[in-house]
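See structure below.
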Ligand SMILES: [Zn+2]
Ligand SMILES: [Zn+2]
């Protein structure tokens with residue numbers, strides 16, 4: 030079966046060329062559009078698109094080695110994890126045993142900085158305490174132990190994560206779960222194909238949402254939000270490290286009776302659909318906005334205003350957002366329903382397409398914040 034996401038590559042280039050020409054034609058002096066093509070930005074997007082196709086050929090076999098029961102690297106990973114966890118605990122004990130002693134004024138000031146979560150950790154490049162006094166032996170040991178403990182903790186988490194991700198991903202492939210299906214075969218007719226696309230879309234919604242709400246998954250997804258432009262080339266910025274993540278498995282559809290080939294086709298359809306919504310050229314689409322994820326909805330998703338963060342996670346349908354946001358309503362006092370958000374998406378100055386205001390005034394607005402500073406899990410947003 031043809032992979033529609035690959036078959037669409039000529040279409041990608043043709044439409045990006047057309048969109049770039051549209052922006053050139055409609056550019057007026059002094060009016061910067063977020064949709065403008067910029068050479069380095071576009072080349073980066075293309076490189077990411079190619080990377081997302083190529084890198085999985087290396088990462089998928091790699092992660093197979095971390096599957097419990099059959100992976101070659103499970104045992105080494107668990108040994109490293111156990112050693113790292115022990116080291117982290119021991120280092121923590123050393124830190125506690127070398128706590129601030131009476132008379133360590135400089136150290137005490139350093140600890141105060143740590144207690145407040147200071148990123149400097151009270152360290153100075155000249156090896157002195159924040160007060161300028163020389164570090165005591167006790168303090169040097171404490172700081173060394175803290176560094177060792179921090180590195181060991183990261184190693185322990187990484188080792189555990191590799192085994193969990195490798196096991197979950199490989200034990201829930203559609204081919205494996207197909208042989209254990211609990212519902213009858215859906216067949217390969219049009220109804221089954223549509224059902225598979227819709228079911229994929231529902232799982233995609235949750236996977237996309239957790240990528241915005243869980244820090245380490247955001248680290249994987251952030252590449253898609255890394256551009257300060259917003260045009261069709263932005264859609265090509267796909268993650269390269271998904272194999273390291275833990276997601277709701279799409280293989281569950283096979284467990285429910287969808288054939289693996291049908292699931293793969295649904296993946297391609299879903300990916301291609303997301304391409305055309307990365308544009309400011311298309312305005313609002315009337316009643317379709319109620320059901321489909323449209324360019325207008327997805328501009329909100331890519332907006333970096335705080336009120337737009339972590340909104341509109343759907344791929345093909347926007348109904349998932351309406352459905353699950355409403356069900357969870359009240360949990361987020363700042364949450365705006367997508368239709369309310371659009372009140373803020375009036376045409377930009379000069380009657381341009383509907384885009385988030387900060388982008389329409391890009392470069393001039395104090396609201397513009399670099400996406401990597403403000404996106405991602407909400408806990409990252411400090412007061
Ligand atoms: Zn996203
Ligand atoms: Zn996007």
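In the working numbering, the protein residues as written are 30 to 412.
Don't be surprised by glycine CBs; every beta carbon is placed ideally from N, CA and C.
Just so it is clear, the structure is predicted and the values come from calculations on it, not from any experiment.
Query: Distance CB(residue 95)-CB(residue 106) smaller than 8 Å; Result: yes
Query: Closer than 7 Å: residue 326 CB and nearest ligand 2 heavy atom; Result: no
Query: Check: residue 241 C-beta below 7 Å from any heavy atom of ligand 2; Result: no
Query: First through last residue of the alpha helix (DSSP H) which encompasses residue 306; Result: Taken as a continuous stretch (DSSP letters only), residue 306 belongs to no alpha helix (DSSP H), as it is neither H nor E.
Query: Start and end residues, alpha helix (DSSP H) containing residue 330; Result: 324-331
Query: For residue 219, three-class secondary structure by DSSP; Result: helix
Query: Exposed unless 16 or more other CB atoms sit within 10 angstroms - verdict on residue 81; Result: buried
Query: Identified DSSP bridge partners for residue 346; Result: 321
Query: Cβ neighbours of residue 308 in the same chain (closer than 7 Å, five flanking residues each side left out); Result: 48, 64, 260, 261 and 324
Query: Top-ranked residue by Cα proximity to residue 281, from 166, 203, 126 and 344; Result: 203
Query: Simplified DSSP state of residue 254, which is helix, strand or coil; Result: helix
Query: Coarse secondary structure for residue 42, derived from DSSP in three states; Result: helix
Query: Collapsed DSSP secondary structure at residue 66 in the structure displayed; Result: coil
Query: Span separating the alpha-carbon of residue 249 from that of residue 268; Result: 6 Å
Query: Straight-line Cα distance separating residue 312 from residue 382; Result: With a pLDDT of 35 at residue 382, under the threshold of 50, the modelled position of that residue is not reliable, and no figure is offered here.
Query: Residue from 222, 167, 111 and 102 whose Cα sits closest to the Cα of residue 123; Result: 167
Query: Outcome for residue 59 when other beta-carbon atoms lying within 10 angstroms are tallied against a minimum of 16; Result: exposed
Query: Heavy atom of ligand 2 within 7 Å of residue 295 beta-carbon; Result: no
Query: Residue environment, residue 216, which counts as buried when at least 16 other CB atoms sit within 10 Å; Result: exposed
Query: The alpha helix (DSSP H) enclosing residue 117, as first and last residue numbers; Result: 103-126
Query: Closer than 7 Å: residue 250 CB and nearest ligand 2 heavy atom; Result: no
Query: Run of the alpha helix (DSSP H) containing residue 285, from where it starts to where it stops; Result: Unbroken run through residue 285: none, as it is neither H nor E.
Query: The alpha helix (DSSP H) enclosing residue 33, as first and last residue numbers; Result: 33-36
Query: Proximity below 8 Å, CB of residue 346 to CB of residue 320; Result: yes
Query: Closer than 7 Å: residue 122 CB and nearest ligand 2 heavy atom; Result: no
Query: Close Cβ partners of residue 240 (< 7 Å) along its chain, the five nearest in sequence each way excluded; Result: 246, 247, 249 and 250
Query: Residue of 288, 205 and 56 minimising C-alpha distance to residue 224; Result: 288
Query: Residue burial classification, residue 128 (beta-carbon count within 10 angstroms, cutoff 16); Result: exposed
Query: Residue 226 and residue 298 closer than 8 Å at C-beta; Result: yes
Query: Own chain partners of residue 330 with C-beta closer than 8 Å, once the 5 adjacent residues on each side are dropped; Result: 337, 340, 341 and 342
Query: For residue 230, three-class secondary structure by DSSP; Result: helix
Query: Contact test: residue 307 Cβ vs ligand 1 heavy atom, cutoff 7 Å; Result: no
Query: Neighbour-count burial assignment, residue 276, 16 or more Cβ in a 10 Å radius; Result: buried
Query: Reduced DSSP category for residue 57 - H, G, I as helix; E, B as strand; rest coil; Result: coil
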